[in-house]
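Just below is one structure, and these are the notes that go with it.
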Amino acid sequence: MKKVFLMFLGLLPLVGMAQKADEVKVKLSGFVTAEAIFDSRKTVNTREGDVILYPAAKSFDANGADLNDRSELFMTTIHSRLNVGVTGFEAFGAKGSATIQGDFVGTSNDKIGLFRLRHAFVKLDWGKDELLVGKTWHPMFVTSCYPDVLHWGGGLPFNVLGRAPQFRYTRKLGDRGYAFIAALSEMDFKSNGPDGADVKYVQQASIPEFSAQVKYDFAKGFTLGATAGYKFLKPMVVNSAGLKTDEMLSSYQMNAWMTVKTDKLVWNLQTIYGQNMYNFVMIGGYGVKGVKANGDYEYTNVKTSSVWSDVHTTTGNVRYGLFAGYTKNLGADDNLAMNGSSFVGLYSRGSNIDYIYQFGPRVEFHSGSFMIGTQALYTAAAYGTTQINGKVADSKEVGSTRVSVHFKYSF
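Mature numbering (1 follows the signal peptide of the UniProt record, and there is no 0) puts the sequence shown at residues -18 to -1, 1 to 393.
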């Protein structure tokens, strides 16, 4: 931690300075945040409880009492953020910019409080064409259309969340939109597999993920867009018999969105459909559909769909918002392989959940660069029994209410 602060202190003398040759400017920005969160029921969450996924399933003790029917309270500041932006330089005839950004969320629950690299990328802009290289938002996370909720996680598990190392080429469609293609890998948002969540499954595949996106402003305040992507995994390099294996899994994902803006209001609406959505922190993943005579595993995807809506005001010292989301487990493409009464391999989040929904209002009070906000969320997950086709039967809802207070100073 000391080294991190020394690094940023070393950058401070650069802030506001300009090199006359290229007029390079370096700007330090960010925010300090503090939150208090109360859950009426234990939830499946991460990062000191701040990122909520869904209520925990019922778990009964010897007396028939539900062990997860209990409240929890969290207080945290780990989402405080630092950002260094560089502009004003030129390269290969293009205007250049660069960004390094981090927070203190860590890359896993056991690393909470440690500095985490969120973004690190360089952009070259030739006017109509743009090249981005480095780590930034995955194309499935649409920066112009995401839930503007107060709790961290961007509307999980109804909207995707993920940042990835990538090479991205963008072609601007006049002043109304753009189209881009990207080649990506994984870093801290990882696919699941036989050894748990790990980037090695993508690395072993030796093929990058490919993604494309288009966005267009059809009228003032009315935007439509869509994204599609395809990724490859090699979950194992040594099979269950101890022999070399080259079995692969390929998966696709897509979204479509709409944004409506007025002088005082923004409405974002998005639908998502995909296979193996685990690395996007959504429900779903993949499993083993068969075992060959030589011990090789054959894989099948688990499909997921979701839809969410977020509307909020944008003016005044008091602002309001309302979020609602729904996601559904659509089952596997093929029947899952069984070993007696258990699955040979099922690498999926929420595999015993049929559907989840969430809704809740929020209100923000603004004073200059300071914001105080409060939000209430109700989340319900339908738990049941996972079938051989990956779908969930005999599901029953479990619900939880979250009330939170947020403080944020931006600089």
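Where is the CB? At the ideal position from N, CA and C, for every residue including glycine.
Rank Thr227, Lys172, Thr356, Ala208 by C-alpha distance to the C-alpha of Asp261 and give the top, closest one.
-> First, the amino acid is wrong: residue 261 is Asn here, not Asp. Among Thr227, Lys172, Thr356, Ala208, the Cα nearest to that of Asn261 is on Lys172.
Candidates Phe325, Thr25, Thr69, of which the one nearest Glu5 by Cα = Closest by alpha carbon: Thr69.
Residues bridged to Glu346 (per DSSP) | Answer by DSSP bridge pairing, in chain order: Arg301, Gly355.
In three-state terms, what does DSSP make of Asp92?
-> Correct three-state label for Asp92: helix.
Pull up the distance between the alpha-carbon of Val115 and that of Phe103, whole angstroms please.
-> In a straight line, the C-alpha of Val115 is about 6 Å away from that of Phe103.
So Val270 packs on Ala319, CB below 8 Å; how close in whole Å?
-> Rounded, the Cβ-Cβ distance is 5 Å, consistent with contact.
Measure the C-alpha to C-alpha separation of Met264 and Ala47 and round it to an integer number of angstroms.
-> Near 29 Å, if we compare the C-alpha coordinates of Ala47 and Met264.
How many Å lie between Val184 and Glu168 at the Cα?
-> Straight across, the Cα-Cα distance linking Val184 with Glu168 is about 7 Å.
Decide yes or no for the touch test of the segment 369 to 380 against the segment 328 to 346: beta carbon pairs closer than 8 Å, at least 3 of them.
-> Touching, yes.
Pairing CB atoms from the segment 299 to 306 with CB atoms from the segment 270 to 286, are three or more of them under 8 Å?
-> The segment 270 to 286 and the segment 299 to 306 do not touch, with fewer than three beta-carbon pairs separated by less than 8 Å.
Which residues mark the beginning and the end of the beta strand (DSSP E) in which Tyr36 is found?
-> Segment 33 to 37, the beta strand (DSSP E) holding Tyr36.
DSSP on Lys271, reduced to helix/strand/coil?
-> Secondary structure of Lys271 (DSSP, three-state): strand.
What is the rounded straight-line gap between the Cα of Gly313 and the Cα of Leu96?
-> Between the alpha carbons of Gly313 and Leu96 lies a gap of roughly 37 Å.
What do you get for Lys105, buried or exposed, if any count of 16 or more other CB atoms within 10 angstroms of its CB means buried?
-> With 16 or more other Cβ atoms inside 10 Å of its own Cβ, Lys105 counts as buried.
What's the call for Val380, buried or exposed, on a 16-neighbour Cβ count within 10 Å?
-> That one is buried.
In the segment 180 to 247, which residue ranges form an unbroken alpha helix (DSSP H) of at least 4 residues, counting only runs that do not cross its ends?
-> The segment 180 to 247 contains these whole alpha helix (DSSP H) runs: 182 to 187.
From Gly135 to Ala275, what does the alpha carbon distance come to, in whole angstroms?
-> Linking Gly135 to Ala275 through their CA atoms gives a straight-line distance of about 43 Å.
Exposed or buried, which one is Arg52 when buried takes at least 16 other CB atoms within 10 Å?
-> Arg52 counts as exposed, since fewer than 16 other C-beta atoms from the protein chains shown sit within 10 angstroms of its C-beta.
With a CB to CB cut of under 6 Å and the five nearest residues on each side skipped, what residues in its chain are close to Ser233?
-> If you ignore the 5 residues before and after Ser233, its C-beta comes within less than 6 Å of the C-beta of Lys213, Gln257, Asn258, Asn283, all in its own chain and listed in chain order.
Local conformation of Asn261 per DSSP, three classes | Helix at Asn261.
Run the CB neighbour count on Phe393, radius 10 Å, all protein chains shown included, and call it buried at 16 or more, exposed below.
-> For Phe393, the number of other beta carbons within 10 angstroms of its own is below 16, and it is reported as exposed.
Which of helix, strand or coil does DSSP assign to Asp51?
-> In the structure shown, Asp51 sits in coil (DSSP, three-state: anything other than H, G, I, E or B).
If we count the other Cβ atoms within 10 Å of its Cβ and call it buried at 16 or more, is Lys390 buried or exposed?
-> Within a 10 Å sphere around the beta-carbon of Lys390 sit 16 or more other beta-carbons, which makes this residue buried.
Does DSSP put Gln369 in a helix, in a strand, or in coil?
-> Here Gln369 sits in coil by DSSP.
Assign Gly116 to one of three DSSP states: helix, strand, or coil.
-> DSSP, reduced to helix, strand and coil, places Gly116 within a strand of the structure shown.
Candidates Ala76, Ile60, Lys117, Gly67, of which the one nearest Lys93 by Cα | The candidate whose alpha carbon is nearest that of Lys93 is Ile60.
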